[in-house]
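Notes follow once the structure below has been shown.
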Amino acid sequence: DGGITQSPKYLFRKEGQNVTLSCEQNLNHDAMYWYRQDPGQGLRLIYYSQIVNDFQKGDIAEGYSVSREKKESFPLTVTSAQKNPTAFYLCASSSQSGGTYEQYFGPGTRLTVT
Amino acid sequence: AQSVSQHNHHVILSEAASLELGCNYSYGGTVNLFWYVQYPGQHLQLLLKYFSGDPLVKGIKGFEAEFIKSKFSFNLRKPSVQWSDTAEYFCAVNQAGTALIFGKGTTLSVSS
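Going line by line, the protein sequences match chains X and Y.
Position one of the first sequence corresponds to residue 41 (the numbering used here), numbered consecutively onward.
Position one of the second sequence corresponds to residue -16 (the numbering used here), numbered consecutively onward.
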């Protein structure tokens, strides 16, 4: 089955630790995205990548970092600089960025930092 | 700044009532418009999209949306809701080469 895998489903970390969230897709999509979902805030764009080895900051990139070394993978690191990291993180992909291309979403990772 | 506004935070309806969820955007130029739905415990999925042509677009599960360019609006409608429509609904917009920007979402609760 083609799709987007995010792991783990739930993640717990202590404050001050960096943590990396995994996102893998087997849809052969060029573009990948990371969003953060908070109650009442909708989905806010953290980073996106239109092609391997390239990525752009979204609206709330501070405290996060990404890499795109392979087409299939777009891991997100939540650094200790992120002031409020507890949230639900969604990864998405599309054939290309923008236009009418549908973005497909993964199941999400719920990160809790205490 | 470019933004997407959804007017209703929480809508409560009885089964068979009609639904209209508002969405306005502040982008200039050509835009592509989307409605996504997130059912409880499920992935976000596409309901419908508009990019050109007939401004009235039909999506899955009996939903439709109308693009009114002069009002910068893309409202979602359904003539008769069902209990299974209980979900969170997101309006989203993009332009060429950009990622989707989402509104804050509307939670729909349908009572049977």
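Cβ atoms here follow ideal geometry from the backbone N, Cα and C, with glycine treated the same way.
_Using beta carbons (cut-off 7 angstroms, strictly below), is L142(X) in contact with chain Y?_
Here the question's residue 142(X) lines up with position 102 in the first sequence. Correcting the residue type first, residue 142(X) is Glu in the shown sequence and not Leu. Yes, because at least one Cβ of chain Y sits closer than 7 angstroms to the Cβ of E142(X).
*Which of helix, strand or coil DSSP assigns to I43(Y)*: Position 60 of the second sequence, counted from the first residue, corresponds to residue 43(Y). Here I43(Y) sits in helix by DSSP.
*With 7 angstroms as the threshold, decide whether the Cβ of Q65(X) is near any Cβ in chain Y.*
Position 25 of the first sequence, counted from the first residue, corresponds to residue 65(X). Chain Y contact via Cβ: absent.
*Interface partners of F128(X) on chain Y, CB under 8 angstroms*: Locating residue 128(X) in the first sequence gives position 88, where the first residue counts as 1. By Cβ distance, chain Y contributes nothing, its closest Cβ being about 10 angstroms from F128(X), past 8 angstroms.
*Mind checking K32(Y): buried by the 16 CB within 10 Å criterion, or exposed?*
The sequence position of residue 32(Y) within the second sequence is 49, counting from 1. Under this definition K32(Y) is a buried residue.
*Contact set between P147(X) and chain Y, taken where Cβ atoms lie within less than 8 angstroms*: Start at 1 with the first residue of the first sequence, and residue 147(X) comes out as number 107. Within chain Y, the residues near P147(X) are H26.
_I'd like to check one pair, L116(X) with Y75(X): are the Cβ atoms closer than 7 angstroms?_
In the first sequence, residue 75(X) corresponds to position 35, counting from 1. In the first sequence, residue 116(X) corresponds to position 76, counting from 1. Not closer than 7 angstroms, so no.
*asked:* Going by beta-carbon coordinates alone, are Q25(Y) and G86(Y) separated by less than 7 angstroms?
replied: Taking the first residue of the second sequence as position 1, residue 25(Y) is located at position 42. Taking the first residue of the second sequence as position 1, residue 86(Y) is located at position 103. No, these two residues do not count as a Cβ contact at 7 angstroms.
*Which chain Y residues are close to Y73(X), counting only those with a beta carbon under 7 angstroms from its beta carbon?*
Sequence index remark: in the first sequence, residue 73(X) carries index 33 (1-based). Within chain Y, the residues near Y73(X) are A82.
*Contact between the region -7 to 10 of chain Y and the region 40 to 58 of chain Y: three or more CB pairs below 8 angstroms?*
yes
_To be precise: take each residue of the region 82 to 102 of chain X, compare its Cβ to all Cβ atoms of chain Y, and keep it if any distance is under 7 angstroms. Which residues remain?_
G82, L83, L85, Y88, G98
*What is the rounded straight-line gap between the Cα of E64(X) and the Cα of D99(X)?*
Mapped onto the first sequence, residue 64(X) falls at position 24. Mapped onto the first sequence, residue 99(X) falls at position 59. The straight-line gap from Cα to Cα measures roughly 22 angstroms.
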